[in-house]
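Here the structure is laid out as structure tokens; the discussion comes afterwards.
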């Protein structure tokens with residue numbers, strides 16, 4: 001409720017309290033008045049004789065103090081105990097007021113009811129607006145979720161690369177490619193290293209072959225010369241033998 005409604009309720013409560021207090025005071029004053037003692041009502045002092053002291057007189061009983069009766073619960077009080085709503089309190093207030101006071105309280109009650117109805121209508125409209133805004137928020141959340149899901153799917157398709165019919169993400173594809181490059185590089189280094197070793201071995205073998213071939217050629221030349229020399233010596237010896245046989 002706004003400040004105007006709170007001020008109205010405060011004024012109404014103050015008026016109720018003042019009216020009930022005044023009514024109760026008037027009823028109590030009209031019903032019973034306490035008895036007052038007159039100043040001359042004090043009994044005179046009587047001198048007692050010795051015989052009177054022996055037989056003291058009995059003191060007369062003092063008058064009882066007046067007892068005020070508690071107000072009995074009326075039908076309005078019982079109705080108020082059962083119905084503690086604003087309407088019930090208003091009806092109870094009307095039962096405790098004089099007729100000339102009732103129009104003022106009725107006008108105040110009407111203003112308060114109008115204010116309450118206005119506040120309730122505004123509250124209802126605010127709740128309806130809040131519910132509508134809640135639906136809009138839920139729809140916006142759903143749209144945002146769908147758009148985010150579509151964006152994730154689009155990003156997944158954009159980052160996807162097919163290799164030999166197998167889908168890979170770009171990160172996995174780059175990892176596989178760099179792995180293959182590194183493996184091929186290592187294999188190439190090993191092949192080049194082994195090719196160098198084989199090349200050096202081949203050169204060494206070729207050199208050995210050339211040396212052996214040179215030695216073989218030298219040996220063959222020497223063997224031919226030696227064979228020719230032995231053939232000449234053999235022919236010389238045959239000639240000598242023929243000469244000896246011819247003389248004989």
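Numbering (UniProt numbering), first residue to last: 1 to 248. Virtual Cβ for every residue (Gly too), placed ideally from N, Cα, C.
Residue i, DSSP secondary structure in three states
i	result
residue 142	helix
residue 85	coil
residue 99	coil
Alpha-carbon to alpha-carbon, residue j and residue i
i	j	result
residue 157	residue 170	10 Å
residue 273	residue 91	A query on residue 273 cannot be resolved here, the shown segment of the chain reaching from 1 to 248 and no further.
residue 136	residue 122	21 Å
residue 240	residue 209	45 Å
residue 134	residue 128	10 Å
residue 228	residue 234	10 Å
residue 114	residue 107	10 Å
residue 223	residue 189	50 Å
residue 131	residue 144	20 Å
residue 173	residue 149	24 Å
residue 186	residue 213	40 Å
residue 221	residue 195	38 Å
residue 215	residue 182	49 Å
residue 207	residue 225	27 Å
Neighbour-count burial assignment, residue i, 16 or more Cβ in a 10 Å radius
i	result
residue 204	exposed
residue 237	exposed
residue 109	buried
residue 230	exposed
residue 151	exposed
residue 244	exposed
residue 93	buried
residue 97	buried
Residue i - partner residues in DSSP beta bridges
i	result
residue 161	168
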